[in-house]
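Mature numbering (1 follows the signal peptide of the UniProt record, and there is no 0) puts the sequence shown at residues -27 to -1, 1 to 156. Beta carbons are placed, not taken as given, at the ideal position from N, Cα and C, and that holds for glycine. See below for the structure under consideration.
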Amino acid sequence: MMRARFLVAMGVLVVVGCSGNPPRAGADTSPYRLHIQGHLGCGLRALEIEVPWDSDKSGSPFNFTADASDDIDLDRLRWAWAALQKLPEGRTVTFHTGSETIRASSWAGFLVLEPRHLDRDDHHSRIKIPDYIVNAILDHDGRLTDRDLERLVRERGRVTLVKINSDQGGASVWMERAGEPGD
């Protein structure tokens, strides 16, 4: 069951990454690239996608208010992040949803989320979102805006959006300027 959920999540990342206008050979003039890289639990690369991203055509690759999941809402994210800012790095806060308990911590510039399903404990995952992404999301009521993405890419070059690791595998999603080397 968990392997199926992992593959579905990877598929969603692919669809999100490829949404917008499909690239045509020789017609890619987009200044930015969206990268999605996935691996299996054994470390074997299972997915590597690089697609052009143009904010004028595609919009933000992530809109955290459009998620169909009711498990973590913006208010819980805002509460957890505010609470973590008052604690030493590595300390956790816990919040509950309808289906799981989520431990949240701040570590090395990331918001780290570790969900545990209430009805089973057969799977462990860790979602890491950079602090600059969390702040941008909270500043815009759940949306990572095109302007934020463009500013972050200008400032940082490579902008990590999310890293996911579990015993089933993992994924990294990032953006950078076209023509810059990937991971």
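Contact check, residue i vs residue j, beta carbons under 8 Å
| i | j | result |
| --- | --- | --- |
| residue 135 | residue 126 | no |
| residue 51 | residue 117 | no |
| residue 214 | residue 11 | Residue 214 lies beyond the stretch modelled for the chain, which goes from -27 to 156, so this question has no answer here. |
Residue of the options minimising C-alpha distance to residue i
| i | options | result |
| --- | --- | --- |
| residue 6 | 142, 130, 143 | 130 |
| residue 69 | 49, 63, 62, 84 | 49 |
| residue 115 | 25, 26, 46 | 46 |
| residue 74 | 60, 62, 96 | 96 |
Cα-Cα separation, residue i to residue j
| i | j | result |
| --- | --- | --- |
| residue 56 | residue 106 | 17 Å |
| residue 119 | residue 102 | 18 Å |
| residue 121 | residue 89 | 31 Å |
| residue 44 | residue 3 | Interpretation of residue 44 is limited by its pLDDT of 48, a score under 50 that renders its predicted location unreliable; the figure taken from the coordinates is listed afterwards. Going from the Cα of residue 44 to the Cα of residue 3 covers about 35 Å. |
| residue 150 | residue 58 | 31 Å |
| residue 100 | residue 139 | 9 Å |
| residue 157 | residue 9 | Past the boundaries of the shown model lies residue 157; the chain is included only from -27 to 156, so the question cannot be answered. |
| residue 152 | residue 123 | 16 Å |
| residue -8 | residue 113 | With a pLDDT of 45 at residue -8, under the threshold of 50, the modelled position of this residue cannot be trusted; read the value that follows with caution. Rounded to the nearest angstrom, the two C-alpha atoms are 22 Å apart. |
| residue 66 | residue 25 | 37 Å |
| residue 144 | residue 133 | 11 Å |
| residue 54 | residue 104 | 9 Å |
| residue 18 | residue 98 | 18 Å |
| residue 141 | residue 93 | 16 Å |
| residue 108 | residue 71 | 25 Å |
| residue 82 | residue 16 | 24 Å |
| residue 62 | residue 137 | 20 Å |
| residue 128 | residue 84 | 20 Å |
| residue 79 | residue 60 | 9 Å |
Whole-Å CB distance - residue i paired with residue j, under 8 Å assumed
| i | j | result |
| --- | --- | --- |
| residue 77 | residue 86 | 5 Å |
| request: Write down every uninterrupted run of the beta strand (DSSP E) in the region 120 to 152 whose length is 3 residues or greater and which is fully enclosed by it, in chain order. | output: 132 to 139, 142 to 150
| Continuous beta strand (DSSP E) assignments of at least 3 residues falling wholly in the region 88 to 116 | 98 to 103
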